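Here the structure is laid out as structure tokens; the discussion comes afterwards.
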């Protein structure tokens with residue numbers, strides 16, 4: 024069991040040994056400016072990444088039998104170079120399967136996935152439209168999809184970029200959609216919620232998350248919009264009584280959910296539910312990115328009433344934490360939304 | 024009292040006389056292609072506009088003493104030219120002050136303004152932040168502002184372009200904001216609602232609505248964003264204990280609510296409340312524009328499962344009414360949102 | 024049999040009667056400025072459109088039993104209004120099924136569709152890749168698709184906007200692709216040609232061409248890119264041995280053929296064949312639009328060395344006919360490309 | 024008194040000691056690649072910045088009692104690393120208040136601020152419009168504003184980024200405006216000059232210049248356009264007889280002076296004076312940026328007839344110094360415009 | 024001699040005869056809605072255009088021997104149709120060469136062209152750079168160029184769109200450049216003025232102004248930038264001692280004077296003189312467009328304190344006349360800049 | 024004669040000496056972090072660049088008499104720093120003129136330039152239009168142009184960035200144009216081929232390739248489009264019978280070949296040949312960039328079925344090698360197009 028995390032290392036004394044498990048994201052042989060060879064590793068766990076260095080390549084206590092994607096057990100100590108933390112590796116071996124848990128080794132949602140999943144099923148259960156209910160039950164009953172839906176991150180970098188991020192984002196959106204729907208009587212609640220559940224389902228194949236978060240070749244060539252639309256269409260085709268007109272709307276919602284052609288949607292939203300979906304999807308992603316940025320600043324020791332740096336996911340604007348600015352928040356306040 | 028409206032005229036028999044009151048939007052002398060002179064009028068009431076023609080300019084029963092902006096009593100009959108309705112004017116005189124009600128003569132909200140207003144005050148009453156509560160109470164207690172806030176349209180053309188439209192839009196937004204706020208714990212509910220109430224307050228001076236809806240010169244040169252920010256800032260300055268840091272956030276929300284520089288906001292939203300405000304403002308405007316377009320199509324006799332024409336307020340896209348397309352709606356169904 | 028075409032009417036004497044068959048695109052009751060009622064018709068055949076007017080609505084020789092989409096037999100005469108030709112209708116009745124041929128009544132390709140179709144099959148026959156050959160044989164053997172593929176226009180307005188236009192455009196592209204392919208050894212010829220044949224196949228459902236050229240509701244909501252991709256994917260899924268990696272490339276070519284996100288492609292071309300397809304598709308469409316514009320100017324009597332007006336399909340630029348400008352062309356030269 | 028400047032160090036012999044005063048912009052503890060700890064400082068004076076290093080952290084002659092923003096007295100010597108100059112710190116202590124002058128320690132205008140200021144007042148004196156004269160006299164008589172107006176830089180980086188830069192830019196613009204005004208009789212000279220003097224006045228609060236040049240939180244959230252407009256509006260409101268129509272124009276000029284919405288102006292220039300202001304403001308900034316770039320190239324030893332590198336403030340274009348290219352200029356010619 | 028102008032006709036009594044000379048811009052045979060044939064003419068003189076109608080085509084007093092581009096003598100009377108003035112033609116014949124002056128028949132500068140021309144030569148005379156002085160003397164001594172330079176409009180529509188407009192624009196720019204040059208010591212005055220004189224010289228061939236203002240085919244294919252650059256280059260090549268480095272700068276100024284690639288300049292301004300030229304060229308064009316718009320509003324009877332309509336040449340913005348708004352101007356004030 | 028190339032060094036053992044010739048692209052004195060001085064060189068040959076270091080500056084076997092642009096003979100050995108190869112210089116002297124061939128020292132086309140050149144002349148020989156044939160014969164007979172045309176790269180970085188690259192690109196385009204021309208009968212083949220041969224001819228002066236590939240000052244200020252147009256125009260002017268209308272088209276093709284204003288073409292393509300030229304020029308450049316990227320990935324040891332990185336010359340998209348992905352290609356397959 025892993026009990027020392029990368030996020031903890033900041034406070035460690037230099038040179039003092041500790042043991043822990045990490046996932047190897049990168050492994051390269053390098054030399055210093057003065058030509059001394061060493062092994063450079065990028066190691067990660069759920070709390071972040073750290074650069075590791077092996078200086079004595081011939082030390083028998085350093086296994087040679089490991090590669091990118093492996094989980095390793097490391098004994099090492101902390102040092103600092105140009106204010107950046109480094110891990111000096113003293114001993115290293117491949118971990119046994121039972122020694123470490125994948126969810127400890129990559130960034131993962133803070134929520135209980137089982138709870139999120141049952142919330143998702145609860146929403147489907149609440150549908151009054153029998154066709155949409157059947158559609159979603161059918162898709163979510165597929166064991167492969169169900170497994171991937173629970174694991175997938177929502178993005179490689181931008182927002183909810185962690186294991187379970189897709190599900191976390193969808194649950195947040197479902198709650199938001201359920202709040203917004205009664206406001207506008209022209210909205211078909213079940214259709215809107217169907218759009219929420221299916222809009223990013225293509226990401227279960229667009230992304231891979233075995234060794235860090237990457238786009239698959241298929242994901243790069245086709246995109247999650249197309250892959251999700253095909254998955255939905257194929258399932259609806261398999262349901263003998265699914266109304267063709269309703270099918271068209273479900274596919275349209277998936278196609279148009281990015282809201283603009285230049286964001287990769289081949290169609291603009293043309294029905295009320297698609298319009299709302301594109302708005303709340305964008306809003307929820309940006310709110311999550313804001314929250315993450317404030318958390319990151321807090322972790323990095325910034326004062327709560329300072330501006331953040333320029334945030335890439337928000338068009339390079341700087342942000343200000345309202346409560347921090349108004350002095351209403353403890354520096355270390357951690358606000359996990361109750362999604 | 025007015026009891027015949029322009030919207031009713033479609034069904035009228037040609038040539039049969041009726042009496043009613045109208046507001047004169049335009050008055051011009053013209054000639055036909057064959058050089059026959061006539062008086063061309065644009066007349067309106069709350070249900071729309073119609074072109075009126077006076078063919079006998081010397082008829083003593085046609086008053087000459089009226090102008091753009093006057094309310095007139097007209098006796099006339101309906102005719103049709105190239106499928107467009109015209110009103111042949113037989114008699115015309117200026118109306119007496121007591122004869123017609125302004126709210127009958129310009130497009131106006133379908134809601135009871137007094138109810139909306141008390142809902143607005145109710146929201147302010149619900150605030151827990153004493154400074155923001157005092158700020159809004161002070162502004163809304165100003166009789167001039169209160170009157171204008173109840174009358175102003177939300178726009179000249181795009182959305183909520185009718186008397187009371189501003190208030191209707193704000194109430195819709197307040198309810199929406201109140202639904203969204205609990206979803207994200209980093210949101211300061213009272214600040215968000217303050218932004219909602221004040222974001223368009225500059226429109227009470229940017230627009231004039233005495234004779235049709237027009238931009239004032241001041242509105243054109245300065246814009247409602249600037250005028251609203253100054254109004255808010257001045258009021259906050261008059262409250263001795265208003266926290267300067269909070270003041271900055273209120274002004275920032277007004278400045279940034281259009282969400283993009285190219286839409287006239289000099290700053291992008293940088294606090295969570297400003298981000299949410301810019302999203303829901305845009306969403307509510309577009310949902311209202313969609314609803315209006317579906318209503319217009321229904322009035323014009325389009326089938327409920329047809330696409331609309333290209334809609335200017337929605338980037339020239341065509342729209343489809345979900346419920347109409349799915350056959351779940353009566354053609355004449357009129358869905359007034361319960362805002 | 025129809026022997027008088029709308030394009031012939033320019034030279035007709037005013038008032039002299041003739042008989043012919045037309046398709047009714049529009050039928051509306053109107054009144055003149057002086058309130059005289061009349062029936063306004065938009066009539067078309069393969070050579071163009073003309074406005075028809077029925078002045079005596081009660082004339083028993085004018086049938087009332089016809090509507091938009093019907094073929095009618097008309098006796099009438101030509102008149103001119105503001106330099107525009109009008110057709111004064113003297114007699115009118117619905118045509119019998121056998122009296123007129125649809126290909127005479129809508130703009131249609133000048134090529135022999137049977138010849139084009141066998142050229143298309145010839146290209147497929149030439150494939151060396153067995154999977155792609157089977158894929159295309161399977162699709163083109165579907166009788167419904169084969170019929171629609173021969174009839175469909177390539178666009179509503181921009182280019183090849185006539186019956187058979189899709190097939191004509193594809194044959195032109197196949198020849199062009201076959202010329203370009205040997206130039207670049209990295210190109211997979213059969214894959215490129217597969218992309219050419221399938222890239223616009225979704226148009227057989229995106230457009231309807233029974234009564235003029237219109238977008239279907241499905242076409243508007245989903246688009247021919249998505250509809251074509253799904254059709255191709257479904258067929259490949261039905262072929263048990265179709266290589267999954269090849270399937271991905273075929274779908275990618277359909278998705279990316281517009282070349283830019285803002286033109287509705289959800290993905291940019293990322294393989295050599297997709298890049299070439301997007302270039303030659305755009306080039307062929309623009310060359311056809313240029314040729315059509317020069318033909319139109321010639322028909323309208325412009326001198327061959329004058330600039331055209333601003334051409335919408337070419338970003339509003341003006342064009343110059345090289346050969347006309349150099350005096351190497353007879354005014355009436357009609358150059359039908361030998362596709 | 025400081026008599027050795029950073030710009031002088033280029034010529035210094037390595038290892039030879041000297042003493043001088045610097046402002047500390049940054050102070051960080053670091054280690055070398057081989058883990059040797061050192062103190063890294065960014066030091067500046069009016070001629071530039073230099074990196075300083077303290078290698079012996081325990082040396083008692085190196086005070087520990089100083090921080091970012093302090094002025095320090097340093098004894099050290101020059102070294103070079105990768106062609107970049109470094110300052111090896113031998114001794115260091117906080118300076119006494121009287122020892123160094125702030126205007127020596129940050130980049131500052133080359134002009135005599137007192138002279139510039141009296142030129143500014145002279146322009147106001149020349150006004151014939153009594154209201155505008157009173158407005159400006161009132162604002163410039165405010166001691167706090169007057170002080171800040173003399174100190175503020177015109178920008179953080181782009182142009183006139185030095186102490187007194189705002190005033191220098193304004194004087195240059197006043198002279199330019201005074202030259203341009205007689206050219207166009209529709210121009211109201213005093214209004215144009217008022218716009219020049221007030222257009223950037225919000226920068227006195229948008230920027231801070233105590234420790235390097237930074238944006239304040241208020242400046243980031245509201246921007247100098249808004250802050251300047253409010254300052255002007257408040258002053259005009261305090262003048263009982265200031266004509267409301269004139270006030271509107273003054274505010275409009277401040278709001279619109281960036282010339283485009285996407286540059287942060289919420290309104291486009293709509294009066295002749297605002298149009299001219301937006302042009303000359305942009306031109307003067309770009310001319311200053313060009314001049315600075317040529318000076319920088321000369322300082323860096325580039326030949327006078329070479330192209331500069333890509334200049335960020337001029338859309339990444341390269342520049343050529345006309346006189347240098349034509350051989351009409353000595354390499355070391357320093358042309359200070361006589362503003 | 025012409026003594027009645029189109030601008031005068033507004034006040035004329037309907038039906039009363041008058042005689043005058045006009046240039047024929049267009050001649051077309053048409054029919055009314057009720058099929059009555061008539062001849063439709065577009066006639067112009069220096070004050071504007073008017074539609075003329077000949078109703079009796081067989082009247083022997085109406086010559087048939089005239090065409091587009093001819094000057095005609097007309098006897099006719101004024102009528103009005105839909106508020107637009109029409110000219111009912113009673114008699115018409117081609118004018119004799121001596122009867123009318125071309126400068127009376129097309130819009131032309133209000134300045135004395137001879138005076139402007141001698142001002143232009145005066146500027147060249149003031150040069151101290153012998154090469155540039157020789158270059159300009161050579162070009163302006165070419166009789167064909169000199170004639171065209173005095174006649175050419177500066178544009179087809181946007182600004183200075185009248186005979187002599189190019190010269191008027193250049194003189195205004197020369198004066199402006201001469202005011203701006205001393206402000207920036209890095210500017211080479213003679214080079215800047217050379218750029219001003221040559222920047223639009225290609226317009227003498229890009230435009231034709233014999234019958235209205237049109238683009239030539241060459242102008243459309245090559246553009247005045249390219250044509251002017253070639254003319255300048257060819258002349259410099261013919262001057263044996265012209266310095267090659269100076270030549271490059273002159274050509275660069277012509278190429279870059281539109282300031283942006285998307286405005287048709289193949290290069291951005293990279294020397295100070297080119298930067299200034301692009302700014303003042305744009306500014307002078309916009310100031311002229313503003314002045315024209317205010318004049319047009321005054322002629323159309325708008326109040327001096329009203330906003331104009333949306334102005335095409337100024338990005339569709341509305342404008343406000345400062346002096347009119349402030350009440351400092353008589354409605355009919357006509358301000359001809361003293362260029 | 025050079026027989027060891029930079030591309031070969033990857034496999035060399037560290038520390039083992041070898042001799043070879045290189046071109047010096049850069050020479051700078053530097054110090055290590057620990058203040059040890061050394062000489063840093065950038066050396067190149069036709070296969071790439073390498074960083075060289077001279078550690079013993081006083082070693083008499085290291086000549087001091089060489090500079091940027093010189094060819095040098097070097098004895099040294101390979102070392103590695105941060106995975107990048109370095110060349111440790113042991114001895115160095117300037118090469119004698121006869122010792123090394125320039126085409127060995129800079130990246131150069133893989134084709135035989137003499138063959139390409141005779142193919143070019145063959146195309147000209149095939150022309151049927153006597154004027155265009157004479158024009159090209161005249162230009163290509165100019166010895167200076169002919170030499171430069173054979174040497175010039177087609178670009179500094181984007182595509183065909185090697186000696187002979189311009190000629191290689193033109194031959195590829197000629198073949199492509201010759202394939203495309205018969206497809207569209209409105210195309211004037213000789214004019215199209217003329218455009219191909221001349222479109223980039225300005226690059227022989229826009230770029231310099233003596234010491235690496237650089238833009239000349241003239242090239243930066245005027246651009247190859249303008250320089251090519253002037254060269255063509257001047258030659259046509261020298262041919263007494265060259266038809267003026269044809270000349271205009273040739274110049275238009277050069278001006279418009281970038282296809283868009285924002286890419287530096289002052290005119291859009293307006294004739295069919297210009298449109299085709301702009302398409303095939305862009306296509307050929309992108310196909311070459313794709314091929315180069317695949318080759319680079321192969322050289323860097325990427326698997327043939329992996330995506331490339333983001334490619335700058337293709338709008339940052341990733342690419343996939345079709346044949347590699349389908350497993351139809353050996354990793355090391357090198358496909359030189361038979362242009």
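Chains as they are written, first to last, in the numbering used here: chain A, 24 to 362; chain B, 24 to 362; chain C, 24 to 362; chain D, 24 to 362; chain E, 24 to 362; chain F, 24 to 362. The C-beta atom is built at its ideal place from N, Cα and C for all residues, glycine as well. All of these numbers come straight from a predicted model, not from anything done at the bench.
At the C-beta level, residue 279(C) and residue 290(C) come within 8 Å of one another. Between the alpha carbons of residue 192(A) and residue 298(B) lies a distance of about 18 Å.
The CB of residue 245(C) comes closer than 9 Å to the CB of 252, 271, 274, 275, 278, 289 and 290 in chain A, given here in chain order. Its chain contains 64, 66, 110 and 112 as the residues whose beta carbon lies nearer than 6 Å to that of residue 75(E), once the 5 sequence neighbours on both sides are disregarded; these appear in chain order. Taking residue 37(E) as the centre and dropping the five residues before and after it, the same chain places the C-beta of 101 and 102 closer than 6 Å to its C-beta, in chain order.
Restricting attention to 180(E), 200(E) and 261(E), the CA atom closest to the CA of residue 230(E) is found in 180(E). Less than 8 Å divides the Cβ of residue 132(F) from the Cβ of residue 186(F). Here residue 241(E) is buried, its C-beta having at least 16 other C-beta atoms within 10 Å. Linking residue 283(F) to residue 210(C) through their CA atoms gives a straight-line distance of about 27 Å. For the 8 Å CB-CB criterion, residue 248(F) and residue 288(F) form a contact. Look at the region 220-236 of chain F: it has no residue with a C-beta under 9 Å from a C-beta of chain E.
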